[in-house]
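Asker:
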Amino acid sequence: MEEDKVKKATDEPEGGMEEDKVKKETDEPEGEYIRPKWDSKFQYLLSCAGFVVGLGNVWRFPYLCQTYGGGAFLIPYIIAFLLEGTPIFFLELAVGQRMRKGSIEVWWHISPYLGGLGYTSVIVCFLVALYYNMLLAWILWYFINSFRNPLPWSSCPTDTSKPECNKSTPTNYFWYRYTLNISTDITNSGPLQWWLVLCLAACWLLVFICTVRGIESTGKAMYVTTTFPYLILTLFLLYGVTLPGAFHGLVYFMTPNINNPRAWLDAATQIFSSLSLGCGGLIAYSSYNPSNNDCEMDAVMIAGINSLTSLFASIPVFSILGFKATVAYEECLERNVKYITKAFRNESITVDSGAFWLSYLNGTNINKLTSLNLANCDLQYFLDQSVSGTGLAFIVFTEIMLKMPGSNTWAIMYFLMLFSLGISSIFGLVQSILTPFTESRTVSRYIYKEAICGLICLSAFLLGLLFALRSGNYWLEMFDAYAGTLPLLIITFFELIGIVFIYGIKRFSADVKDMIGRPLKGYWKATWQFFSPVIMFLIFLSYVLVEPPSSYNTWNPNYVSYLYTSHYKSFPNFRTFNKWFYILILLLCCKLL
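Residues in the sequence shown are numbered consecutively from 134, following my numbering.
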């Protein structure tokens, strides 16, 4: 008997009874939900990279660099990456891998008082998925139209009863009228646009097919959706740097603008949203890993890939923007020359030879020249025309592609790249919602996993029809501004509080040591305990104290001088609704409801 006791003690796994207790608590009972596993480590890394690398890397990060200057913006961006983004990213991967549960069960397991965090993240993820897939529907619509030759946004319709296009531009007209058929304001909803409904249905059907079996189907789709955008970005880079004026765009990208302190706030927000922190997708993905996976190395690698992708995407973007600015500058000069030639046609001045500019410098006909009110052709002005989001994707880039040889081919590749970036991110959002439901004994006992996935996609499609109305673009801007930014910040703040002060930093450090096989570095402890919570609290205060006005942009082509006019209209009681929404998020996080 004594020998048996000694043998039993020596056979105890490393970590002792504490680890055995955690295994018993986290392993699923026999006959209940059986947690699947990734086919390979590479598949897991691709899935995480596809989830975090999305549309924001292509049309949000370059815009911020253009606004603040790459040199000035990258400094706060790197600081936020080191003190906020990567540490929280590592924490979520470690929590999911250790507990082997979804976002709801994880926080209930750590403490009943943190149970609201999981429900909140699922609600916010669902809201984000609603409008994010509408972006994919727009991209799909443009992708389909890219096969038409000539491209439908290359010229105005021949119908003279539609003067809007002549007062604006063909690219603006195709986006606002032909695609969105946008209304005058958010209160004028109008009917559903059938082409957008069909595109939205196709996107949700594709999401359902790829996520119906969880990571078993999603992981295989990631081999294509995650790697393909890098191929297209490389082609755009190789072509973009050879375009005339590309050098001006790259120099502009790296020229700092140190006069705007808001760069620090936007940098912290960008790294936070870019890594999809607080959504629960990272917790869900890592929960399918073996318990001895090196989640620390995974966090550093995937977070680094995300930021490097943003930088990598900025090179072709700014090369092409530099090309656009150069073309606009030359066209401006050409219009001035034609205007001057017409004004001085009765005088012996040869404009083409440059003698006119010499006579101008010598003061010849200076009064008549001043009266012409010529356009101010300034290359810096055209480079400063910053735009992000849908404006960059569906207006600026579509206009640029018209000037590129083989415009149809470039348009097809461009929108296929955007679709691949977006679909891999929506996979992660749906998995964030699907995992907590499939592992719930109450739900999974009565409903199959395939049925749960179908109900999620169907309900999201039906609610997402709001964005297929004529006022859908206004509603999407509202959701994007308020549903997926500050609520996720609040969720992540309470995640840190829960791990550090409720679960205990020493206990969590011991868990991580058991998983990765080495002691946790002091850098991670310091950021989790001090730097990350302070940064997020300061961001929260900044949003509260400097809240943007409750407004939205409308398109009014009657203002000829503004092709995309910022015309603010107050939305009744929206500020009150916005504050109550944040209060609801806080109450859910604190499990007071």
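Each residue gets a CB set at the ideal place from its N, CA and C atoms; glycine is no exception.
Here the structure is a predicted model, which means the values were calculated and not measured.
Near Phe673, which residues of its chain fall below 8 angstroms by C-beta distance, leaving aside the five closest residues on each side in sequence?
Answerer: What you label residue 673 is simply residue 540 of the sequence shown in a count that begins at 1. Excluding residues within five positions, the ones whose Cβ falls inside 8 angstroms are Leu619, Leu622, Ile623, Phe626.
Asker: Tell me the start and end of each unbroken alpha helix (DSSP H) in the stretch 275–327 that is at least 4 residues and wholly inside, in chain order.
Answerer: 297–300, 303–306
Asker: Compare the C-alpha of Ile211 against each of Tyr514, Leu383, Leu444 and name the closest.
Answerer: Indexing the sequence shown from 1 puts residue 211 at position 78. If we check each option's Cα against that of Ile211, Leu444 comes out closest.
Asker: Given a cut-off of 9 angstroms, decide if Ile668 and Leu250 are closer than it, judged by their beta-carbon atoms.
Answerer: Your numbering for residue 250 matches position 117 in the sequence shown. Your numbering for residue 668 matches position 535 in the sequence shown. Going by C-beta atoms, Leu250 is not nearer than 9 angstroms to Ile668.
Asker: Considering only their Cβ atoms, is the gap separating Phe259 from Ile580 smaller than 9 angstroms?
Answerer: Residue mapping note: residue 580 aligns to position 447 of the sequence shown, counting from 1. Residue mapping note: residue 259 aligns to position 126 of the sequence shown, counting from 1. Cβ distance not < 9 angstroms, so Ile580 and Phe259 don't count as in contact.
Asker: List in chain order: all unbroken alpha helix (DSSP H) runs of 4+ residues lying wholly within the stretch 617–672.
Answerer: 619–630, 638–649, 655–659
Asker: Who does Leu602 pair with in a DSSP beta bridge?
Answerer: For the purposes of this step, residue 602 is identified with residue 469 of the sequence shown, where counting begins at 1. Partner(s): Leu325.
Asker: With distances taken from CA atoms, which of Leu678, Leu224, Leu599 is nearest Ala417?
Answerer: Against the sequence shown, residue 417 aligns to sequence position 284. Ranking Leu678, Leu224, Leu599 by CA distance to the CA of Ala417 puts Leu224 first.
Asker: Would you call the CB atoms of Val261 and Leu562 closer than 9 angstroms?
Answerer: Along the sequence shown, one-based indexing puts residue 261 at 128. Along the sequence shown, one-based indexing puts residue 562 at 429. Cβ atoms of Val261 and Leu562: closer than 9 angstroms.
Asker: On the CB-based measure, 16 or more other CB atoms within 10 Å of its CB, does Phe594 come out buried or exposed?
Answerer: Here residue 594 refers to the residue found at position 461 when the sequence shown is read from its first residue. Buried, by the Cβ-count rule.
Asker: By the three-class DSSP mapping on this structure, what secondary structure does Asn266 have?
Answerer: Your numbering for residue 266 matches position 133 in the sequence shown. Looking at Asn266 - three-state DSSP - the assignment turns out to be helix.
Asker: Where Leu598 and Met267 are concerned, what is the direct C-alpha to C-alpha distance, given to the nearest angstrom?
Answerer: Counted from its first residue, the sequence shown places residue 598 at position 465. Counted from its first residue, the sequence shown places residue 267 at position 134. Approximately 9 angstroms, taken between the alpha carbons.
Asker: In terms of residue numbering, what span does the alpha helix (DSSP H) encompassing Lys582 cover?
Answerer: Working through the sequence shown from its first residue, we reach residue 582 at position 449. Here the alpha helix (DSSP H) through Lys582 covers 582–597.
Asker: Quick check on DSSP: helix, strand or coil for Ile545?
Answerer: Translated into the one-based positions of the sequence shown, residue 545 becomes position 412. Ile545 falls in the helix class under three-state DSSP.
Asker: Buried or exposed: Thr320, going by 16 or more other Cβ atoms within 10 Å of its Cβ?
Answerer: Here residue 320 refers to the residue found at position 187 of the sequence shown. That one is exposed.
Asker: What do you get for Ile342, buried or exposed, if any count of 16 or more other CB atoms within 10 angstroms of its CB means buried?
Answerer: In the sequence shown, residue 342 corresponds to position 209, counting from 1. The residue in question, Ile342, is exposed, as its Cβ has fewer than 16 Cβ neighbours within 10 Å.
Asker: Assuming the contact rule is C-beta atoms closer than 8 angstroms, Cys198 and Phe386 should be a hit. Round their C-beta distance to whole Å, please.
Answerer: Start at 1 with the first residue of the sequence shown, and residue 198 comes out as number 65. Start at 1 with the first residue of the sequence shown, and residue 386 comes out as number 253. Cβ-Cβ separation between Cys198 and Phe386: approximately 6 angstroms, consistent with a contact (criterion under 8 angstroms).
Asker: Return the residue from the list Lys174, Gly183, Asp172, Phe175 that minimises the CA-CA distance to Thr442.
Answerer: Here residue 442 is taken as the residue at index 309 of the sequence shown, counted from 1. Taking only the C-alpha atoms, the option nearest Thr442 is Gly183.
Asker: From this set, Ser279, Leu366, Val433, which residue's C-alpha is nearest Ile448's C-alpha?
Answerer: Numbered from 1 along the sequence shown, position 315 holds the residue referred to as residue 448. Considering only alpha carbons, the answer is Leu366.
Asker: Do you know how far the Cα of Asp517 is from the Cα of Trp688?
Answerer: Numbered from 1 along the sequence shown, position 555 holds the residue referred to as residue 688. Numbered from 1 along the sequence shown, position 384 holds the residue referred to as residue 517. Their backbone Cα atoms lie some 21 angstroms apart in a straight line.
Asker: Suppose the cutoff is 6 angstroms on Cβ atoms and the five residues either side in sequence are ignored; what does the same chain contact list for Gln176 look like?
Answerer: One-based indexing of the sequence shown puts residue 176 at position 43. The answer, listed in chain order, is Gly352.
Asker: Please report the distance separating the alpha-carbon of Gly323 from that of Ser419.
Answerer: Residue numbering aside, residue 323 sits at position 190 when the sequence shown is read from its first letter. Residue numbering aside, residue 419 sits at position 286 when the sequence shown is read from its first letter. About 44 angstroms.
Asker: Roughly how far, in whole angstroms, is the beta-carbon of Ile453 from the beta-carbon of Phe276, given that I think they are within contact range, below 8 angstroms?
Answerer: On the sequence shown, residue 453 is found 320 positions in, with the first residue counted as 1. On the sequence shown, residue 276 is found 143 positions in, with the first residue counted as 1. With a Cβ gap of about 19 angstroms, Ile453 and Phe276 do not count as contacting.
Asker: Quick check on DSSP: helix, strand or coil for Val186?
Answerer: Looking up residue 186 in the sequence shown gives position 53. Val186: coil per DSSP, three-state reduction.
Asker: Under 9 angstroms between the Cβ atoms of Tyr547 and Phe369?
Answerer: As a working mapping, residue 547 is identified with position 414 in the sequence shown. As a working mapping, residue 369 is identified with position 236 in the sequence shown. Yes, the Cβ-Cβ distance between Tyr547 and Phe369 is below 9 angstroms.
Asker: So, helix, strand or coil for Glu464, using DSSP?
Answerer: Here residue 464 corresponds to residue number 331 of the sequence shown, with the count starting at 1. The answer is helix: DSSP assigns Glu464 an H, G or I state.
Asker: DSSP three-state call for Met537: helix, strand or coil?
Answerer: Counted from its first residue, the sequence shown places residue 537 at position 404. In this structure, Met537 counts as coil in the three-state DSSP scheme.
Asker: Could you have a look at Gly235 and say whether DSSP puts it in helix, strand or coil?
Answerer: Within the sequence shown, residue 235 is the residue found at index 102, counting from 1. In the structure shown, Gly235 sits in coil (DSSP, three-state: anything other than H, G, I, E or B).
Asker: Nearest CA to the CA of Tyr252: which residue from Cys412, Gly187, Leu273, Pro377?
Answerer: For this step, residue 252 is matched to residue 119 along the sequence shown. Minimum Cα distance to Tyr252 is reached at Cys412.
Asker: What did DSSP end up calling Gln518 once you bin it into helix, strand or coil?
Answerer: On the sequence shown, residue 518 is found 385 positions in, with the first residue counted as 1. Of the three classes helix, strand and coil, the one that applies to Gln518 here is coil, per DSSP.
Asker: So, Arg603 versus Ile315, is the Cβ gap smaller than 9 angstroms?
Answerer: Numbered from its first residue, the sequence shown carries residue 603 at position 470. Numbered from its first residue, the sequence shown carries residue 315 at position 182. In this structure, Ile315 lies closer than 9 angstroms to Arg603 by Cβ.
Asker: Report the rounded CA-to-CA distance for Tyr514 versus Leu364, giving the unit in angstroms.
Answerer: The count along the sequence shown starts at 1 and reaches residue 514 at position 381. The count along the sequence shown starts at 1 and reaches residue 364 at position 231. For Tyr514 and Leu364, the gap between their C-alpha atoms comes out near 32 angstroms.
Asker: Buried or exposed: where does Tyr201 fall if 16 or more other Cβ atoms within 10 Å of its Cβ makes it buried?
Answerer: Taking the sequence shown and counting its residues from 1, one reaches residue 201 at position 68. Classification for Tyr201: buried.
Asker: Please name the residue, chosen from Val257, Ile632, Lys646, Tyr265, that lies closest to Pro245 on a Cα-to-Cα basis.
Answerer: Taking the sequence shown and counting its residues from 1, one reaches residue 245 at position 112. Here the closest residue by C-alpha is Ile632.
Asker: Is it true that the CB of Leu179 sits closer than 9 angstroms to the CB of Tyr356?
Answerer: As a first step, residue 356 is located in the sequence shown; it is residue number 223 there, counting from the start. As a first step, residue 179 is located in the sequence shown; it is residue number 46 there, counting from the start. Yes, these two residues count as a Cβ contact at 9 angstroms.
Asker: Taking contact to mean at least 3 C-beta pairs separated by less than 8 angstroms, is the stretch 643–662 in contact with the stretch 226–240?
Answerer: yes
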